[in-house]
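Input: a single structure, listed below in structure tokens.
This is the structure:
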């Protein structure tokens with residue numbers, strides 16, 4: 200119970216922030232390929248700062264319902280036959296979280312996932328179109344000399360796709376878990392299905408750790424500039 204408010208939800212908070220920053224970076228990459236001459240005027244330094252600050256503030260507001268309806272207090276634990284510090288819930292907790300969790304843990308993550316998917320798709324389509332156009336207007340002799348260029352663009356498309364897939368796969372379980380807790384109240388750390396909740400939480404933590412650890416290997420393997 201102590202871990203839930205002190206480390207569990209703060210971890211989810213930073214996960215959500217990193218997800219939105221990833222979506223913004225993907226959008227910036229998409230614009231740099233789709234509109235290369237306008238990207239510097241569209242994506243300014245002030246806009247980047249504003250978007251990052253907005254991500255932190257928005258995710259902070261999303262945590263308020265959780266901490267409004269949960270707090271620590273002394274209570275008797277029949278399992279250990281002693282009074283311990285644990286989580287105490289307000290009477291309106293389920294009514295508040297049944298709405299807030301669906302918004303913060305289902306709707307908002309779906310928007311960020313959709314942004315990543317859409318921008319990655321547009322980016323890949325534009326890169327493939329440019330690669331096809333270059334091959335069609337280049338003579339055979341130049342094609343052989345410039346063989347590295349299409350290969351480089353193919354690697355970029357593959358790298359963007361892999362990073363997007365890893366991001367979505369690793370971040371989806373925690374959103375599904377918290378959204379399910381809004382629908383099934385017993386799927387709580389103190390509910391009937393607490394063991395299932397713990398298993399899903401540990402799996403989600405492992406996947407998010409994998410996401411933060413494996414991207415460096417993807418960039419190192421597929422980007423010569425990164426190496």
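Residue numbers (this note's numbering): 200 to 426.
Quick reminder that beta carbons are idealized off the backbone N, C-alpha and C, glycines included.
These numbers were taken from a predicted model, which means no experiment stands behind them.
Short of 8 Å from the beta carbon of residue 251, and not among the five residues preceding or following it, lie these beta carbons of its own chain, in chain order: 220 and 223. Under the three-state reduction of DSSP output, residue 285 falls in the strand class. In the DSSP annotation of this structure, the continuous segment of the beta strand (DSSP E) that includes residue 271 starts and ends at 269-276. In the structure shown, the three-state DSSP call for residue 372 is helix. Judged by beta-carbon spacing, residue 238 lies within the 8 Å limit of residue 230, meaning their Cβ atoms are closer than that value.
Inter-segment contact for the stretch 363-374 and the stretch 284-296 is absent: fewer than three beta-carbon pairs are separated by less than 8 Å.
For the stretch 361-415, there is no continuous alpha helix (DSSP H) assignment of 4+ residues that stays within its boundaries. When the beta-carbon positions are compared, residue 325 and residue 232 come within less than 8 Å of each other. The three-state secondary structure of residue 329, taken from DSSP, is helix. In the structure shown, residue 237 falls within a coil segment according to DSSP collapsed to helix, strand and coil. For residue 303, the CB contacts under 7 Å within the same chain, skipping 5 residues up- and downstream, are 261 in chain order. Rounded to the nearest angstrom, the gap between the Cα atoms of residue 274 and residue 289 is 14 Å. Going by DSSP, residue 294 is part of the alpha helix (DSSP H) stretching over 292-301.
Here the C-alpha atom of residue 257 lies approximately 10 Å from the C-alpha atom of residue 215. The Cβ-Cβ distance between residue 266 and residue 305 does not fall below 8 Å.
Cβ-Cβ separation between residue 376 and residue 397: approximately 10 Å, too far for a contact (criterion under 8 Å).
Here the alpha carbons of residue 406 and residue 413 stand approximately 10 Å from one another. Buried is the label assigned to residue 315, since at least 16 other Cβ atoms lie within 10 Å of its Cβ.
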